[in-house]
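Each residue of the sequence shown is one higher than the one before, starting from 73 at the first, in the working numbering.
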Amino acid sequence: MEKMVKSYKKGNRLRYFLTIFIILYNLLFAADINRTIIDAGSGFYKKMLFDTSNAKEQKPEYILEKTLLSALIKESNQTASVASQNYTLPKNSGEFEKLFQKYIDNLEALATTQKQIDDAKEKIETIEQQIAKLDSNNSSVNILQLQDALHHKKLESYQKILSVYTENMEKIEKLIKGSLSEMHFDRLKIKSIIEQDKRAIEAINRSISKEQISLEQAKLLNNSDEIKKHITRVTQYKDTQRKIHKDIAALKFLLFANALQNKSYKAFEIEKEIKSVLKDIGIDTFNVDLFKGLENSYLGRIKTFTGKSKEEVKSISLTLWEYLNKPIFSINNTPIDIFKLTVTILIFIISFYFGALYKKKIFHLSVNKDTFTESSRTLLANLGYYFILLISFFIALNFLGIQLSSIAMVAGALSVGIGFGLQNIVSNLVSGLILMFERSVKIGDYVQISDDLRGYITDIKMRSTTIKTNDNIDVIIPNQQFIQNNVINWTMNDKIRRFAIPFGVAYGTEPQKVIDVVKKAVQESSYGDVINTKDKHTRVIMTEMGDSSVNFELFVWIGGNEMKFPKRTQSRF
73 MEKMVKSYKK GNRLRYFLTI FIILYNLLFA ADINRTIIDA GSGFYKKMLF DTSNAKEQKP
133 EYILEKTLLS ALIKESNQTA SVASQNYTLP KNSGEFEKLF QKYIDNLEAL ATTQKQIDDA
193 KEKIETIEQQ IAKLDSNNSS VNILQLQDAL HHKKLESYQK ILSVYTENME KIEKLIKGSL
253 SEMHFDRLKI KSIIEQDKRA IEAINRSISK EQISLEQAKL LNNSDEIKKH ITRVTQYKDT
313 QRKIHKDIAA LKFLLFANAL QNKSYKAFEI EKEIKSVLKD IGIDTFNVDL FKGLENSYLG
373 RIKTFTGKSK EEVKSISLTL WEYLNKPIFS INNTPIDIFK LTVTILIFII SFYFGALYKK
433 KIFHLSVNKD TFTESSRTLL ANLGYYFILL ISFFIALNFL GIQLSSIAMV AGALSVGIGF
493 GLQNIVSNLV SGLILMFERS VKIGDYVQIS DDLRGYITDI KMRSTTIKTN DNIDVIIPNQ
553 QFIQNNVINW TMNDKIRRFA IPFGVAYGTE PQKVIDVVKK AVQESSYGDV INTKDKHTRV
613 IMTEMGDSSV NFELFVWIGG NEMKFPKRTQ SRF
């Protein structure tokens with residue numbers, strides 16, 4: 073045993089030193105990111121290209137290195153492809169509209185450039201992770217270093233372009249804010265042009281549909297020339313449609329500006345429409361500050377906050393309403409949505425409440441009336457209760473839009489099924505409904521089906537009821553047994569039961585003394601579940617003169633959970 077322990081400790085020390093060695097090796101020999109290559113200019117890359125080209129041993133990876141170095145030289149000499157623009161102050165609504173169109177163009181280009189920046193950063197991160205995992209002597213490190221440098225150069229270029237677009241947008245924002253108060257807008261004319269543009273978009277949609285049908289036919293015939301022609305036309309139509317959408321957004325911006333001039337809350341609704349139009353063509357306006365800046369300037373911060381809040385609430389309400397009215401299933405081709413389903417459930421809940429209230433009122437009003445017997449009172453209460461449920465059922469069907477003819481068809485199909493051997497299943501289903509509504513037995517009740525079967529009801533389903541016995545065994549019983557057979561419900565109204573405990577005494581014992589002693593013993597016992605009231609009290613009765621004893625029975629009332637364990641309770645006494 074000692075040898076095994078020593079061997080185990082020795083193995084642990086070996087693994088420990090091996091881990092330390094690997095860490096030190098990685099620190100000493102793992103490749104680092106070469107900042108010299110990243111920060112270098114075109115002259116440095118030209119020299120590297122010259123050295124690579126003149127190398128005596130031309131390895132296969134040299135071709136890739138030369139290609140990367142050529143790309144780095146080109147990228148280093150390349151200036152930003154986008155120049156800062158100068159814009160003039162608009163003098164009329166037409167120039168004002170064109171200025172906003174340029175703003176949209178810059179916004180679109182800004183989003184594209186931002187995506188390029190994100191892609192470049194992701195590639196740089198991936199490459200540098202690969203470099204960190206390689207040995208510095210690995211032949212792949214040089215290629216990865218050059219790739220890393222190339223993406224760094226592209227990232228710098230994209231960032232310069234992004235700053236140009238940002239600068240252009242700031243200039244446009246300044247001009248729009250400075251000229252808005254002087255502009256005059258013909259609202260009726262603007263709305264008329266918007267309607268014309270919408271009709272033009274509808275016409276283009278029809279043309280696209282026709283071209284797509286023709287394209288499908290060309291694909292079936294495998295006619296490559298026709299396929300290219302129809303694809304080109306669809307692309308042209310979509311480009312035209314995109315341009316019209318931008319025009320609509322610019323025209324709506326004129327309406328937005330006019331609403332700001334009139335200090336109207338309508339501006340917030342129009343802003344939402346503009347952003348929706350731009351979103352449909354893939355232009356994100358999430359971080360656009362132009363609208364907020366104009367609203368703060370012309371409406372004030374408080375009014376802007378109030379208007380924005382109202383629009384947000386309206387937007388959330390509309391979204392929620394659309395979600396609630398979205399069909400989740402159909403009944404006989406009638407769509408059922410969450411809203412209808414929720415209202416239907418509320419109808420049933422209200423009907424159950426009023427039904428229970430009606431029964432309570434009937435019992436309360438008729439309890440002191442001599443003209444009402446207990447049976448007639450129960451019948452009147454139950455009939456009224458089921459009538460209320462029936463009325464609510466028809467109201468729910470009408471609200472869901474389900475015709476009674478559909479129910480008749482289902483009933484007809486069900487009757488045919490019954491004829492083919494579904495009698496027991498249907499009987500259990502109907503029995504389940506009766507149990508649920510009648511509530512003669514309910515979940516949590518302690519029932520007895522036979523001498524050997526009793527327990528708690530844990531579940532009542534449409535076809536069967538589950539009983540858990542004292543032995544923790546789940547017994548599934550068809551519902552019709554609860555309707556057709558006798559069922560003992562021990563806890564229907566309360567948890568009190570009388571137990572009869574037999575016992576005997578020797579002949580010659582005075583019976584009255586036996587009765588007194590046993591009653592006194594029960595009374596002085598520490599059992600807290602024994603009940604002694606005016607109508608429920610302990611009693612001892614002599615039952616017979618047996619062969620070898622005088623037999624008695626102790627009748628004792630037990631309350632609480634112990635009454636559900638008759639053998640245990642009888643054993644105590």
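Built from N, CA and C at the ideal position, the CB exists for glycine as well.
- Per DSSP, serine 643 is one residue of the alpha helix (DSSP H) stretching across 638-644.
- According to the DSSP assignment, tyrosine 175 belongs to the alpha helix (DSSP H) that extends over 165-205.
- The beta carbon of isoleucine 145 sits closer than 8 Å to those of Ser114, Tyr117, Lys118 and Leu121, all from its chain and outside the five residues before and after it, given in chain order.
- With a 10 Å radius around the Cβ and a threshold of 16 neighbouring Cβ atoms, proline 162 comes out buried.
- Inter-segment contact for the region 589-604 and the region 553-562 is absent: fewer than three beta-carbon pairs are separated by less than 8 Å.
- Around the beta carbon of asparagine 551, a 10 Å sphere encloses 16 or more other beta carbons of the protein chains shown; the residue is thus reported as buried.
- DSSP, reduced to helix, strand and coil, places lysine 282 within a helical segment of the structure shown.
- Here leucine 323 is buried. Its C-beta has 16 or more other C-beta atoms within 10 Å.
- Here leucine 326 is actually not in contact with glutamate 200; their C-beta atoms are around 49 Å apart, not less than 8 Å.
- If you draw a straight line from the Cα of phenylalanine 459 to the Cα of asparagine 470, it comes to about 17 Å.
- Under the three-state reduction of DSSP output, tyrosine 518 falls in the strand class.
- The beta carbon of isoleucine 346 is closer than 7 Å to those of Ala321, Lys324, Phe325 and Phe328 in its chain, skipping five residues each way along the sequence.
- Distance from isoleucine 316 to glutamate 180 at the Cβ level is roughly 15 Å; contact not present, criterion being Cβ atoms closer than 8 Å.
- Within a 10 Å sphere around the beta-carbon of glycine 527 sit 16 or more other beta-carbons, which makes this residue buried.
- With contacts defined by Cβ atoms closer than 8 Å, isoleucine 189 and tyrosine 237 do not form a contacting pair.
- Judged by DSSP secondary structure, proline 583 falls outside any beta strand (DSSP E) and instead within the alpha helix (DSSP H) spanning 583-595.
- By a beta-carbon distance limit of 8 Å, glycine 427 contacts leucine 461. Their separation comes to about 6 Å.
- Shown here for glycine 250: same chain residues with a beta carbon closer than 8 Å to its own, the five before and five after excluded, namely Leu161 in chain order.
- Leucine 260 has its alpha-carbon roughly 54 Å from the corresponding atom of serine 148.
- Between the alpha carbons of glycine 631 and tyrosine 518 lies a gap of roughly 13 Å.
- Take glutamine 202, set aside five residues on each side of it, and the residues of its chain with a beta-carbon closer than 7 Å to its own are Leu216, in chain order.
- C-alpha of isoleucine 587 to C-alpha of aspartate 619: approximately 20 Å in a straight line.
- Under the three-state reduction of DSSP, valine 360 is assigned to coil, being neither helix nor strand.
- Isoleucine 613 and valine 589 have their alpha carbons spaced roughly 13 Å apart.
- DSSP, read as helix, strand or coil, puts arginine 526 in strand.
- Taking each of Thr307, Lys636 and Ser522 in turn and checking the Cα distance to aspartate 566, the smallest one comes out for Lys636.
- Inclusion of threonine 406 and isoleucine 474 in the CB contact set at 8 Å is warranted, their separation being smaller than that value.
- Burial check for histidine 223: the Cβ neighbour count within 10 Å reaches 16 or more, so the residue is buried.
- Selection Asn334, Leu366 and Ser279 evaluated against leucine 247 yields Leu366 as nearest (Cα-Cα).
- Residue pairing by DSSP leaves leucine 366 without any beta bridge partner.
- Annotated as proximal: aspartate 220 and isoleucine 110, with beta-carbon spacing under 8 Å.
- DSSP places valine 628 inside the beta strand (DSSP E), whose first and last residues are 622-631.
- C-alpha of glutamate 283 to C-alpha of isoleucine 303: approximately 8 Å in a straight line.
- Here the alpha carbons of lysine 533 and valine 498 stand approximately 13 Å from one another.
- Distance between leucine 141 and aspartate 177, taken at the CA atoms: about 34 Å.
- For the set Arg611, Glu274 and Ala331, the Cα lying nearest the Cα of methionine 255 is the one of Ala331.
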